[in-house]
Amino acid sequence: MAGYPKGAQPQDFIKGWPHPELLSRAELRAALTESFHKGLEMSEETLNYGDKANGAYMLGHPRFLQGLAKFLEQQYQAPTDPKTLMSTIGASMGTDLCFRIYGKPGDICVFEEPTYFLAFTMARNSFLELKGVPIMEDGMDLDALDKVCTESEGKVKFVYTVPIHHNPTGYSMSNEKRVRLMQLAKKHKFLVIADEAYQLLNFGKTDMKPLFYHDDKEDPRVFSIGTFSKLIGPGTKVGWVQAHTSLLKPLTDIGFIDSGNNPVIFSSMNLLHFVESGALAKHIDAVSKDLGERCQLICRKLREVGLEVYEPKGGYFVWVKSKGKKTGKSGEATAIKKDKFHDYMRLCFCWLTREQIEEGIEYLRP
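The sequence shown runs 1 to 366 under the UniProt record's numbering.
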């Protein structure tokens, strides 16, 4: 306990937020200021529903979708067609749209347990029935998924997964499991909602590509959902859905888009120069380095106080079984019926200072 005040104090590991220093970097502010000015220079397009040549921008502003496609192609090292992209108000809008457009009351959505607990709310808002299967270090238990689908006799409409840097466990689905998941999607005729909010937030090189790249264009099943919220900042509220066009276009067939058009025309175009200039890629490198160091710190400290932890290769969280004291987000919220994981903690290492991380974990020492 040397170096700590008598009785280390618990800290706020609940918030899944970036720390303020990441949001106030001089380089970020300068690049965004320049990008916003560039966006305003196109106000005749960015402040309207569309233009004469393209019509209404239902899927998003065409220039933004083209710029986003080029950026993602460089990041993923895989072809990216702008026609497979729709801009959204962050990742949650993409998930919610998929449930609302393709689901009906009584359909089943299968989740990994534990998982991102607020996805349960979105599924319930669409009157879906929720079922869970375990997750392993290489991803969802696909034998259990196959069993649930067979027993449900065709009622499984969706599988929701966080396939990379999983929230809360930090696990990533192996490429072998990604292939098999697609085989099961065809076999049982379900759709896959891949919440890939952390796809580009890596602490080292990765060969994991979005689930979209495992999908079959002739029988598409996947919605890959991305966001800038974890890369630039959650206030940005610009994200995307990547899916083959036959799945993607129906997402605009909902009242608030049919009436109001794509909701991020202006905000996405204000980010276009930031995306195209290379400034975003440089910022992602800086964010990944910073958060990678914090991840190493929290994992090292957890081991020092006698707790076991899987060290993720990206993302925001670690998942830890308590040996007495608890802090952070209690694990039961990550189970559908809140009947599991009572002795687990989801700890965010992104919000606190390094000193607060150390003291907050020291508090857990038995």
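Idealized CB from N, CA, C, for every residue including glycine.
1. Note down the Cα distance separating A2 from R294, rounded to an integer number of angstroms.
2. For L40, count neighbouring Cβ atoms within 10 angstroms of its own Cβ and tell me buried if that reaches 16, exposed if not.
3. Tell whether a beta-carbon distance below 8 Å holds between Y316 and N202.
4. Taking the straight line between their C-alpha atoms, what separation do you get for T161 and I193?
5. Return helix, strand or coil for A194, following the three-state DSSP convention.
6. Mind checking which residues open and close the alpha helix (DSSP H) that includes L72?
7. For S87 versus V264, is the C-beta spacing smaller than 8 Å?
8. How is L23 classed by DSSP in three states: helix, strand or coil?
9. How big is the Cα-Cα spacing for F127 and G106?
10. Using a Cβ-Cβ cut-off of 8 Å (strictly less than) and excluding sequence neighbours within five positions of A185, which residues of its own chain qualify?
11. Comparing alpha-carbon positions, which option in V148, P82, M93, D96 lies nearest E112?
12. Does the count of Cβ pairs from the segment 236-245 and the segment 202-219 closer than 8 Å reach three?
13. Just to confirm, are E355 and K301 a CB contact at a threshold of 8 Å?
14. Do W17 and C299 have their beta-carbon atoms positioned less than 8 Å apart in this structure?
15. Give the list of continuous beta strand (DSSP E) stretches no shorter than 3 residues that lie fully inside the segment 105-161.
16. Give the DSSP-derived three-state secondary structure of V179 in the structure shown.
17. Does DSSP put Y344 in a helix, a strand or coil?
18. Buried or exposed: which applies to R180, given that a residue is buried once 16 or more other Cβ atoms fall within 10 Å of its Cβ?
19. In the structure shown, what three-state DSSP assignment does F13 receive?
20. Would you say the segment 265-275 touches the segment 24-41, given that touching needs at least three Cβ pairs under 8 Å?
21. Please report the distance separating the alpha-carbon of S44 from that of K52.
22. Under 8 Å by Cβ, that's how I've got F274 and A26 pegged, so tell me the actual separation to the nearest angstrom.
23. Between the segment 224-242 and the segment 83-103, do three or more beta carbon pairs fall short of 8 Å?
24. Which residue or residues does DSSP assign as beta-bridge partners of M42?
25. Excluding sequence positions up to five away, which residues of its chain have a Cβ less than 6 Å from the Cβ of G103?
26. Please report how far the alpha carbon of Y4 lies from the alpha carbon of G324, in whole angstroms.
27. Please classify H342 as buried or exposed, where buried requires at least 16 other C-beta atoms within 10 Å of its C-beta.
28. Anyone know if the C-beta pair for P163 and T334 falls short of 8 Å?
29. What are the boundary residues of the beta strand (DSSP E) that includes S87?
For this structure:
1. In this predicted model, A2 has a pLDDT of only 43, less than 50, meaning its place in the structure is not dependable enough to derive any value.
2. exposed
3. no
4. 6 Å
5. strand
6. 62-76
7. yes
8. helix
9. 6 Å
10. V159, L191, V192, R221, V222
11. V148
12. yes
13. no
14. no
15. 108-113, 129-136, 156-161
16. helix
17. strand
18. buried
19. coil
20. yes
21. A small correction: the amino acid at residue 44 is Glu; Ser does not occupy that position in the sequence shown. Distance between the alpha carbons of E44 and K52: 12 Å.
22. Not quite, the Cβ-Cβ distance comes to about 15 Å (not below 8 Å), so this is no contact.
23. yes
24. Answer by DSSP bridge pairing: none, since M42 is not bridged.
25. S126, L128, K157
26. Legend: pLDDT at Y4 = 46, less than 50; position of this residue unreliable, value from coordinates given subsequently. Their backbone Cα atoms lie some 20 Å apart in a straight line.
27. exposed
28. no
29. 85-88
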